[in-house]
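Numbering (this note's numbering), first residue to last: 2 to 396.
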């Protein structure tokens, strides 16, 4: 199979979809890999490292895409004057593997289907045991949670740890983490390693033990497990009364915190606003909010996605593509996830899209010239072709 990796065109994106270590492994398995010139430089992987791994270097995206069986990216393809028409470069029969934001980009899916491109949305990898090594969202959330704690520590006007000094004792900072998924748990662990006193809030009672095992206190809202999470373990939207009680509880604990890290997301929907302006007003002057839900609108009502603002004496940071700030390690983790997926999709060197398979059927959002994902419900349509295969093995 001929695999192509372009340079990411999304502003601020420094990651590369495959790293030399994984390229060498794919080539050993019989695939060929082409990398666009300078695709890995921003992540610390120069062209010479890819050449040493056995990859060829393409001068531009057009020549790269023209002969590819599978195009692997981090971000979805761009279609604008600055980024160029990446969709228009894709040949019919090509597989596109990336973080496609499929529920928010129905027009992109229609365009890909019209070009007979099989689009694989990595954010839809199911949370089942045999797909763990393919779980891009978890690996990148680990990076985001770690970085969020560092940003918080750098943004408040206080030390994070307890300090005993000749000038007296400095009490540790208090950190509130909202959401105890992968990003939240990593934020908790990192803030604890930095010496902060950490509280964590999540609507799912099942995560209480995980939070406490990291040395944090669990802020609990009385809600049943079935109300709080879906079958896949993701948080669900709560009823109006629960949301009101949730906001009251968060207000109480945020007003006593030096830093708040928010990670609450509901798949396919706008992030819930859990910190309204009234809560920001109640927070201590010099405190900070790091809003990891910015790409889906933000958990703080005053967040400006992609910007840092100061409101009522509180610094509110709403970063986009935060894993890109640790592009080297984030790229390595992403690349290993993709390699595991490719092993699943092309076990014998030939890319096979078996829509009856539990994993493939969940992540193939376009196939056989059809859009398979309903952007409104987020469900995969059952009337797509049963299976397709593209391209013979290339060595």
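Cβ atoms here follow ideal geometry from the backbone N, Cα and C, with glycine treated the same way.
Computed from a predicted structure; not experimentally measured.
By a C-beta neighbour count over all protein chains shown, 10 Å radius and 16 as the cutoff for buried, is residue i buried or exposed?
i, result
"residue 34", "buried"
"residue 356", "buried"
"residue 74", "buried"
"residue 81", "exposed"
"residue 253", "exposed"
"residue 274", "buried"
"residue 1", "Within the shown structure, residues of the chain are numbered from 2 to 396, placing residue 1 beyond reach of any answer."
"residue 385", "Confidence at residue 385 is low in this model, with a pLDDT of 44, below 50, so its placement is unreliable and the value that follows should be read with caution. Buried, by the Cβ-count rule."
"residue 21", "buried"
"residue 311", "exposed"
"residue 260", "buried"
"residue 382", "exposed"
"residue 257", "exposed"
"residue 221", "exposed"
"residue 128", "exposed"
"residue 362", "buried"
Between residue i and residue j, is the Cβ-Cβ spacing less than 7 Å?
i, j, result
"residue 265", "residue 179", "yes"
"residue 298", "residue 319", "no"
"residue 196", "residue 161", "yes"
"residue 145", "residue 114", "no"
"residue 262", "residue 149", "yes"
"residue 141", "residue 324", "yes"
"residue 313", "residue 281", "yes"
"residue 329", "residue 44", "yes"
"residue 62", "residue 90", "yes"
"residue 369", "residue 31", "no"
"residue 76", "residue 166", "no"
"residue 192", "residue 208", "no"
"residue 217", "residue 199", "yes"
"residue 322", "residue 42", "no"
"residue 132", "residue 364", "no"
"residue 69", "residue 24", "no"
"residue 156", "residue 316", "yes"
"residue 346", "residue 103", "no"
Compute the Euclidean distance between the alpha carbons of residue i and residue j, then round it to the nearest angstrom.
i, j, result
"residue 457", "residue 278", "Residue numbering for the chain in the displayed model covers 2 to 396; residue 457 lies beyond these limits and cannot be assessed."
"residue 56", "residue 3", "11 Å"
"residue 138", "residue 212", "20 Å"
"residue 17", "residue 292", "24 Å"
"residue 344", "residue 331", "20 Å"
"residue 367", "residue 97", "10 Å"
"residue 440", "residue 130", "Lying before the first or after the last residue shown, residue 440 is absent from the chain, which here runs from 2 to 396."
"residue 64", "residue 111", "24 Å"
"residue 295", "residue 270", "12 Å"
"residue 215", "residue 190", "6 Å"
"residue 186", "residue 336", "22 Å"
"residue 210", "residue 147", "20 Å"
"residue 255", "residue 94", "51 Å"
"residue 151", "residue 342", "31 Å"
"residue 205", "residue 246", "14 Å"
"residue 188", "residue 290", "13 Å"
"residue 201", "residue 250", "11 Å"
"residue 26", "residue 371", "33 Å"
"residue 67", "residue 101", "21 Å"
"residue 48", "residue 304", "38 Å"
"residue 116", "residue 72", "14 Å"
So, helix, strand or coil for residue i, using DSSP?
i, result
"residue 37", "strand"
"residue 222", "coil"
"residue 248", "helix"
"residue 210", "helix"
"residue 284", "coil"
"residue 360", "coil"
"residue 96", "strand"
"residue 242", "helix"
"residue 177", "strand"
"residue 351", "coil"
"residue 137", "helix"
"residue 292", "strand"
"residue 8", "coil"
"residue 337", "helix"
"residue 71", "strand"
"residue 216", "coil"
"residue 128", "coil"
"residue 197", "coil"
"residue 46", "coil"
"residue 51", "helix"
"residue 259", "coil"
"residue 26", "helix"
Is there a Cβ of chain B sitting closer than 7 Å to that of residue i, yes or no?
i, result
"residue 274", "Of the protein chains in this structure there is only one, and it is not chain B."
Measuring from the CB of residue i, is there a heavy atom of the ligand ZN at a distance below 6 Å?
i, result
"residue 5", "By its list of ligands, the structure shown contains no ligand whatsoever, and the ligand ZN lies outside what it can speak to."
Three or more C-beta pairs closer than 8 Å, one from the segment 120 to 127 and one from the segment 353 to 370: is that the case here? They touch, by the three-pair rule.
Counting pairs of beta carbons, one from the segment 6 to 16 and one from the segment 37 to 57, are three or more of them closer than 8 Å? Under the three-pair Cβ rule at 8 Å, the segment 6 to 16 counts as touching the segment 37 to 57.
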